[in-house]
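Some notes on the structure that comes next.
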Amino acid sequence: MAERASDRVLRLLGMVAYLDRTSGASVEQLAAQFGVSPDQVLADVETLWLTGTPGYQPYDLIDFDAFSLEQGMVTLTEARGMTRPLRLGAREAVALLAALRALAQDLGPALDDDRRAVLTSALTKVQAVTGPSAGPLDVQLQVTGDPHVQAALAQALATGRRLRLRYVNAADRTSEREVDPIRLVADDGGSYLLGWCLAAGAERLFRLDRVLDVAVLDVPADTHQVDARAEVFDPDPSGELVRLHLRSRARWIAESAPVEAVRNLPDGSFEVDLRVVSHTWIVQLLLGAAGDVLDVQPQSIALEVAATAQAALDAYEEQP
Amino acid sequence: MSTSIPPDERLLDLVIALVNTPTRLTKEQVRATVAGYADAPTPDAFERMFERDKDTLRELGVPLLTVTDAGHGDDIGYRIDLEAYALPPVDLTSAELGVLSLAAQLWQDASLRVDSARALTKLRAAAPSAQSSDLVAGLAPRVRAGGAALGPLVDALHQRRAVRFTYRAATTGQVRDRHVEPWRLVARRGGWVLIGHDRDRGAARSFRLSRIEGTVRMVGPAEAFDPPAPVRLAEAERSWSLGAAGVARLALAPERAEALRARALPAEAAEPDVAAGRDVVQVAYRTSWELAEEVVGYGDAVLVLDPPEVRDAVLSLLRTAAGLGQVPRG
Numbered sequence: 009m010a011e012r013a014s015d016r017v018l019r020l021l022g023m024v025a026y027l028d029r030t031s032g033a034s035v036e037q038l039a040a041q042f043g044v045s046p047d048q049v050l051a052d053v054e055t056l057w058l059t060g061t062p063g064y065q066p067y068d069l070i071d072f073d074a075f076s077l078e079q080g081m082v083t084l085t086e087a088r089g090m091t092r093p094l095r096l097g098a099r100e101a102v103a104l105l106a107a108l109r110a111l112a113q114d115l116g117p118a119l120d121d122d123r124r125a126v127l128t129s130a131l132t133k134v135q136a137v138t139g140p141s142a143g144p145l146d147v148q149l150q151v152t153g154d155p156h157v158q159a160a161l162a163q164a165l166a167t168g169r170r171l172r173l174r175y176v177n178a179a180d181r182t183s184e185r186e187v188d189p190i191r192l193v194a195d196d197g198g199s200y201l202l203g204w205c206l207a208a209g210a211e212r213l214f215r216l217d218r219v220l221d222v223a224v225l226d227v228p229a230d231t232h233q234v235d236a237r238a239e240v241f242d243p244d245p246s247g248e249l250v251r252l253h254l255r256s257r258a259r260w261i262a263e264s265a266p267v268e269a270v271r272n273l274p275d276g277s278f279e280v281d282l283r284v285v286s287h288t289w290i291v292q293l294l295l296g297a298a299g300d301v302l303d304v305q306p307q308s309i310a311l312e313v314a315a316t317a318q319a320a321l322d323a324y325e326e327q328p
Numbered sequence: 213m214s215t216s217i218p219p220d221e222r223l224l225d226l227v228i229a230l231v232n233t234p235t236r237l238t239k240e241q242v243r244a245t246v247a248g249y250a251d252a253p254t255p256d257a258f259e260r261m262f263e264r265d266k267d268t269l270r271e272l273g274v275p276l277l278t279v280t281d282a283g284h285g286d287d288i289g290y291r292i293d294l295e296a297y298a299l300p301p302v303d304l305t306s307a308e309l310g311v312l313s314l315a316a317q318l319w320q321d322a323s324l325r326v327d328s329a330r331a332l333t334k335l336r337a338a339a340p341s342a343q344s345s346d347l348v349a350g351l352a353p354r355v356r357a358g359g360a361a362l363g364p365l366v367d368a369l370h371q372r373r374a375v376r377f378t379y380r381a382a383t384t385g386q387v388r389d390r391h392v393e394p395w396r397l398v399a400r401r402g403g404w405v406l407i408g409h410d411r412d413r414g415a416a417r418s419f420r421l422s423r424i425e426g427t428v429r430m431v432g433p434a435e436a437f438d439p440p441a442p443v444r445l446a447e448a449e450r451s452w453s454l455g456a457a458g459v460a461r462l463a464l465a466p467e468r469a470e471a472l473r474a475r476a477l478p479a480e481a482a483e484p485d486v487a488a489g490r491d492v493v494q495v496a497y498r499t500s501w502e503l504a505e506e507v508v509g510y511g512d513a514v515l516v517l518d519p520p521e522v523r524d525a526v527l528s529l530l531r532t533a534a535g536l537g538q539v540p541r542g
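From first to last, the protein sequence lines are chains A and B. Sequential numbering of the first sequence, starting at 9, is according to my numbering. Sequential numbering of the second sequence, starting at 213, is according to my numbering.
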């Protein structure tokens, strides 16, 4: 996507202020500092070289040392008064502070002392320049799972070690497996470990609240190539097509499950098409939503749900 | 040079000119002297270009002042408030800068990403050199996008303007027009929620963004209402907080439901931990329906002993589910 002119202007101003404080930086350093490519840095320098105060004679322009640029160093020789970093606007402060607060509050307890301290001090310092900005945005990340499990995962990720997990899957089956941790994903719905399962030879997403036990092994983890979107649930096109007719109240299903299509009906009810790989998953979903289910196709799945429910009712009857 | 000057270069030249002007620049001076504005073919085109550029600079947080000259009544000039321009001194470490980058990536939503990325660019200008740091390595926190409704609602919140939108009620499925003073946007349990004052009902209400249909329109002037009293806001937000509501006693079939066992509370000494061949554990829960939905998923492997409200919720779900697939219901 092409960069917006306004965002580029902010970076150009930022670079001048940054370079004014330092005695110069290499193209690579500058690229890392502002999160762009070295080529972009060179293009930015070219643009800055053309700008300045009205008149636009050589002494009016922002200027760099051309000789050191040939050596890969960006050294500012004339800033035209643009030496001060720009203050944060209200929207910018709110977006960054709400994110920082969520990290510090919800991720903080899952981190080791050093990382937690950095989160807290970053929040304090940003608040000092923006004001408290109590915030029209309020976000909670759901960090689930045992603190002991979280600590072990954090350690394995920081030191690049392989893990042995005892894990119970959605079908309530427990297994032990060796996993190379890739990243810890925490969102507003829960926390997951994205890892490379050695037994499966593929990436897997592990819900932290289903990790029963974990050991950090004395084996370095291999690096694995994974899709940047690996943790996003998409409908699996190879799954069985299941069609649900649901009352309006069950709209959360359309919002949280990997649905292929949603059709709103005039009476407020709706239909969803799902691709289902695991019967366990769809049976669990339908048991929980039973009060809002109007129809299930194919009928065999409805009958499977009914049989599971009847078995549970029988177990309640047998209770003393 | 006859080639036209691109917008980013023109904006930058405008900022530099306004920072360096000893007093102020009038519109005509901008047109005559600042690089890029001579490209405008007509006075109207110049007006539009200059208005848009002023809006962009204000959006970026550049404090642009309008100054009139005492001598010339209607002669308006512009300058930048240098006091308000500068970021106060901030002493960030490389590690803290790394944390800020992580925070800026939290948002999946495009409008919030733009805002946090701009904040980050400004702080990077004031920070020491970035070092490759593994301090935040392996962490990928994120908050999902709020859809098309989120951007306009963020704008409305900042401007304190009322909004109108079409909302599909969860309980009835009915679609209605709503007129709301937005107070706060909350991301919880997998979704965005707007909390605000519903003008038609005269009371605080919350709205799931996923149930807003069509566009959110801002209506009426800015600063149209006072921020809510903290007590009212806290009251309205209470139902979206994540605290534990109670403790349930569950009877588990042997070697089943390991995930529930893993979060069981430590048993009290006097508590019998076995009932009719099952293991009894206690788990904390937030709402009875949430625990009930989780427990029914285990079928006969997990039975609820206490409290009655959770047990009844489970039994009711099971009875309904047991009838599925028999006769069509309507």
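No residue lacks a Cβ here, since even glycine has one placed at the ideal position from N, Cα and C.
Which of the three DSSP states is assigned to residue i in this structure?
i, result
"PRO228 (chain A)", "strand"
"ASN232 (chain B)", "helix"
"TYR497 (chain B)", "strand"
"ILE70 (chain A)", "coil"
"THR91 (chain A)", "coil"
"ARG541 (chain B)", "Low per-residue confidence applies at ARG541 (chain B): pLDDT is 47, beneath 50, and the placement is therefore not dependable, though the value from the model is reported in the following sentence. In this structure, ARG541 (chain B) counts as coil in the three-state DSSP scheme."
"VAL291 (chain A)", "helix"
"TYR324 (chain A)", "helix"
"PRO219 (chain B)", "helix"
"SER183 (chain A)", "strand"
"LEU273 (chain A)", "coil"
"ALA551 (chain B)", "Here chain B has residues from 213 to 542 only, and residue 551 (chain B) is not among them."
"THR30 (chain A)", "coil"
"GLY296 (chain A)", "helix"
"GLN48 (chain A)", "helix"
"GLU248 (chain A)", "strand"
"LEU304 (chain B)", "coil"
"THR378 (chain B)", "strand"
"PRO520 (chain B)", "helix"
"PHE437 (chain B)", "coil"
"GLU393 (chain B)", "strand"
With burial defined as no fewer than 16 other Cβ atoms inside 10 Å of the residue's Cβ, what is the status of residue i: buried or exposed?
i, result
"PRO466 (chain B)", "exposed"
"GLY209 (chain A)", "exposed"
"VAL409 (chain B)", "The sequence given here places His at residue 409 (chain B); Val does not occur at that position. HIS409 (chain B) should be labelled buried."
"GLU506 (chain B)", "buried"
"SER308 (chain A)", "exposed"
"VAL126 (chain A)", "buried"
"LEU277 (chain B)", "exposed"
"VAL280 (chain A)", "buried"
"LEU503 (chain B)", "buried"
"LEU273 (chain A)", "exposed"
"THR255 (chain B)", "Checking the sequence shown, residue 255 (chain B) turns out to be Pro, not Thr. That one is exposed."
"GLY358 (chain B)", "buried"
"TYR67 (chain A)", "exposed"
"THR132 (chain A)", "exposed"
"VAL489 (chain B)", "Before going on, a small fix: residue 489 (chain B) reads as Gly here, not Val. Per the 10 Å Cβ criterion, exposed."
If residue i and residue j are in contact, beta carbons under 8 Å, what's the gap, nearest whole angstrom?
i, j, result
"ASP52 (chain A)", "ARG92 (chain A)", "ASP52 (chain A) to ARG92 (chain A), Cβ: 19 Å. No contact."
"SER34 (chain A)", "GLY80 (chain A)", "6 Å"
"LEU149 (chain A)", "ALA110 (chain A)", "5 Å"
"VAL219 (chain A)", "TYR175 (chain A)", "6 Å"
### Message
With a threshold of 8 Å, are at least 3 pairs of Cβ atoms found where one atom belongs to the segment 57-69 of chain A and the other to the segment 262-273 of chain B?
### Response
no
### Message
With three or more beta-carbon pairs closer than 8 Å as the criterion, would you say the segment 435-443 of chain B touches the segment 297-306 of chain A?
### Response
no
### Query
Name the residues in the segment 32-49 of chain A whose C-beta lies less than 8 Å from a C-beta of chain B; which are they?
ALA33, GLN37, ALA40, GLN41, PHE42, GLY43
### Message
Short of 8 Å Cβ to Cβ, which residues in the segment 70-104 of chain A face chain B?
### Response
ILE70, ARG88, GLY89, MET90, ARG92, PRO93, LEU94, ARG95, LEU96, GLY97, ALA98, ARG99, GLU100, ALA101, VAL102, ALA103, LEU104
### Query
Using a Cβ cut-off of 9 Å, which residues of the segment 308-321 of chain B contact any Cβ in chain A, in chain order?
GLU308, LEU309, GLY310, VAL311, LEU312, SER313, LEU314, ALA315, ALA316, GLN317, LEU318, TRP319, GLN320
### Task
Give a yes or no on contact between the segment 111-121 of chain A and the segment 322-339 of chain B, applying the rule of three or more CB pairs nearer than 8 Å.
no
### Segment contact flag, the segment 213-227 of chain B with the segment 247-256 of chain B, C-beta cutoff 8 Å, min 3 pairs
yes
### Task
Please confirm if the segment 234-245 of chain B is in contact with the segment 491-508 of chain B, defined as three or more CB-CB distances below 8 Å between the two stretches.
no
### Message
Does the structure place the segment 35-47 of chain A close enough to the segment 90-104 of chain A that three or more beta carbon pairs sit under 8 Å?
### Response
no
### Query
Is there contact here, the segment 68-78 of chain A with the segment 289-308 of chain B, by at least three beta-carbon pairs under 8 Å?
no
### Query
When the Cβ atoms of the segment 423-438 of chain B are set against those of the segment 359-376 of chain B, are three or more pairs found closer than 8 Å?
yes
### Query
Residues in the segment 320-342 of chain B with C-beta within 9 Å of chain A's C-beta atoms, listed in sequence order?
GLN320, SER323, LEU324, ARG325, VAL326, ASP327, SER328, ALA329, ARG330, ALA331, LEU332, THR333, LYS334, LEU335, ARG336, ALA337, ALA338, ALA339, PRO340, SER341, ALA342
### Message
Under 8 Å: do the segment 213-220 of chain A and the segment 246-266 of chain A share three or more Cβ pairs, one atom per stretch?
### Response
no
### Query
How about the segment 222-229 of chain A and the segment 261-273 of chain A: do they share at least three Cβ pairs that are nearer than 8 Å?
no
### Query
At a Cβ cut of 8 Å, what residues of the segment 358-379 of chain B count as close to chain A, listed as they run along the chain?
VAL366, LEU369, HIS370
### Task
Mind checking the segment 274-298 of chain B against chain A and listing, in chain order, the residues whose C-beta falls within less than 9 Å of any C-beta there?
VAL274, PRO275, LEU294, ALA296, TYR297, ALA298
### Message
For the segment 237-270 of chain B, list every residue whose C-beta sits within 7 Å of some C-beta in chain A, in sequence order.
### Response
THR245, VAL246, ALA247, THR268
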